[in-house]
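Notes follow once the structure below has been shown.
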Amino acid sequence: MFQLFSRLFPYYWKLDADVRHNLWVDSLSAAFFGLLAGAVYPFVSIIAIRLGATDQMIGLLSTAPFFGQMFAIYWGYRSARSVRKVPIIFWSWLISRLLILPLAFTKSPIVFVILVVFHNIIATIAIPAYNGLLKKIYPDRYRGRLMGLVKFLLGLTHVSATYLAGWWIDHLEFKSLFLLAGLAGVISSMIFLSIDEKQRESKVVENQPRAFSIGKIFDIFSRDRAMVWCILGFSIFGFGNLFAYPAYPIYQVKVLKLTSSQIALLSIFNLPVWFLTYPLWGWVHDRTRSMVNIYIGIILYGFTPLIYFFSKSYWMLILASCLQGAAGASQDVGYINQMIKMGGDDVDHYMGIYGTFLGIRGILSPILGSFMISKIGYQGVFLLAALMIFSGLIPMSKVERKMDKIKVNDFTAKS
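Numbering of the sequence shown is given in full-length UniProt numbering, commencing with residue 1 and proceeding in unit increments.
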């Protein structure tokens, strides 16, 4: 076992002792969170429906993660002003995961939905801080591969818990399952407190604005044109990607006449491909650069609606599901490291801006996409989504050129 690990991760022994410690803490925390995510997230809509939730309540559940992202710019500011990030992450994770526990006891669909919405909103508080922490605890040279290892373990427990939870809910009941899942989430949060975080230099914190202002977005955009093009690229591509999401399940049921078992099988292919390819994309990042991962992710995502556009059989959708999983992993590695690279000491603000724009398109795009189904049909939605996704490559192609220009200007100013 030890020899196998050494062959798979030969760089491990090149890491400093504190980096190895943080890697194991981060991995173990992620593995416990995977148990919660796999046992709860795929089934919240099903449980809500069984409790009597309306269509509007189910729609609210689907947009809940994006509501939390709307406030990311503020939490990015709070994280930038903090000497240590671990406490922000810990309290966000702990409180949000404790909210899973009362889900086991509620019989009211509206209370159930409200708890899930607040769980998502509070959980997103940690995102800018966690991604900023990755810059501090993992060296640039190995960050992609270390992130890949952590996500691989998270995905492994996530998939295992999902399979077990599906059987559990059908044959037993969800209450004890949600209690155990909430407990796993609390354990994950407690483990994360062991992260060895080097305290930020006080001058870095002092250089951050003392009062929150939405104008920070325009300040960053005015001095960093690469960030402007990057956010524009993510917004166009991301809007197109989410634009087709409402059409996929309806098309599967009403047009292709898929059974529940066939639809479930699509999810079974998606998630394992996501966590199995994550280490690969981490290796690609460390050997090339962040933008390569972003380009790959956009291209793979773009093929998904095209496959649906041409699909006449169920087997083509399995390919689309696999591509979505691989694309998601590549994008995760790419966008996080790209924000770290562009943001530097301002990475918390950069992640906050990214998250806020993600929240905006995450709420608006599916609504518009579902509305357009009746106007241009499924094929029209799929084709328009693919065009928007691939169009995101145009502004993305300008990001590195703008970054190089900024570096030249900075060098000239210092000379």
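All residues carry an ideal CB built from backbone N, CA and C; glycine is no exception.
Spatial neighbours of residue i within its chain, please: C-beta separation below 8 Å, excluding the five flanking residues on both sides.
i: N120; result: A64, P65, F67, G68, S96
i: I307; result: M316, L317, L319, A320, L323
i: S29; result: S188, S189, I191, F192
i: G369; result: L242, F243, A244, Y245, P246, A247, V381, A385
i: Y130; result: K85, I89
i: I122; result: G68, S92, I95, S96, L99
i: F43; result: A165, G166, I169, F174
i: residue 420; result: This structure leaves residue 420 out entirely; the chain is present only between 1 and 415.
i: I49; result: I58
i: I376; result: L384
i: S311; result: L256, L317, A320
For residue i, which residues in the same chain have their Cβ closer than 6 Å to its Cβ, ignoring the five residues on either side in sequence?
i: S45; result: I58, L61
i: S267; result: none
i: D348; result: G76, S79, A80, P128, G132
i: S174; result: Note that residue 174 corresponds to Phe in the displayed sequence, not to Ser. The residues are I47.
i: G343; result: Y350
i: K14; result: none
i: R141; result: none
i: G359; result: F66, Q69, M70
i: M372; result: V381
i: M1; result: At M1, the pLDDT of 41 sits below 50, so the modelled position is not reliable and the matter cannot be decided from this model.
i: Y41; result: none
i: L300; result: L323, A326, A327
i: Q338; result: S290
i: L232; result: P395
Going by the beta-carbon positions, is the gap between residue i and residue j smaller than 7 Å?
i: F269; j: C322; result: yes
i: T157; j: G34; result: yes
i: A126; j: S92; result: yes
i: H285; j: G155; result: no
i: L103; j: F178; result: yes
i: I195; j: V86; result: yes
i: residue 437; j: S27; result: For residue 437 there is no data in the structure shown, the boundaries of the chain being 1 and 415.
i: G325; j: V273; result: yes
i: P395; j: Y245; result: no
i: G334; j: I294; result: yes
i: V159; j: L271; result: yes
i: F275; j: L383; result: no
i: I220; j: M227; result: yes
i: Y109; j: A53; result: It should be pointed out that residue 109 corresponds to Pro in this sequence rather than to Tyr. Yes. Within cutoff.
i: W287; j: E197; result: At residue 287 the sequence reads Arg, which differs from the Trp that was named. No, these two residues do not count as a Cβ contact at 7 Å.
I believe residue i touches residue j by the beta-carbon criterion, under 8 Å. Please report the beta-carbon distance rounded to the nearest angstrom.
i: A72; j: G352; result: 5 Å
i: F192; j: V25; result: 7 Å
i: Y314; j: L258; result: 6 Å
i: I336; j: L101; result: Not a contact, Cβ separation roughly 30 Å.
i: Y378; j: Y251; result: 5 Å
i: F357; j: F234; result: 7 Å
i: L265; j: V186; result: Not really, about 33 Å apart at Cβ, beyond 8 Å.
Using C-beta distances below 7 Å, list every residue in its chain close to residue i, excluding the 5 sequence neighbours before and after it, in chain order.
i: S82; result: I88
i: E400; result: M291
i: K398; result: W229
i: G302; result: A386, I389, F390
i: A161; result: G34, L35, G38, A39
i: D16; result: none
i: V31; result: The residue asked about is misnamed: residue 31 is Ala in this sequence, not Val. Closer than 7 Å at the Cβ level, and outside the excluded window around A31, lie L153, L154, T157.
i: F90; result: S189, F192, L193
i: K341; result: S290
i: T304; result: A320, L323, Q324
i: K136; result: E197, K198
Just checking: is the beta-carbon of residue i within a distance shorter than 7 Å of some beta-carbon in chain D?
i: G334; result: The displayed structure is made up of one protein chain only, and chain D is not part of it.
Under 6 Å: does the beta carbon of residue i sit that close to some heavy atom of the ligand GDP?
i: I394; result: Because no ligand of any kind appears in the structure shown, any question about the ligand GDP cannot be addressed here.
Could you say if the region 144-157 and the region 274-285 meet the contact criterion of at least three C-beta pairs nearer than 8 Å?
-> Cβ pair count under 8 Å is three or more, so yes.
Three CB pairs or more closer than 8 Å across the region 320-335 and the region 99-115 | Contact fails between the region 320-335 and the region 99-115, because fewer than three Cβ pairs, one in each stretch, are under 8 Å apart.
Does the region 20-28 come close enough to the region 164-178 to have 3 or more Cβ pairs within less than 8 Å?
-> Verdict: no, contact absent.
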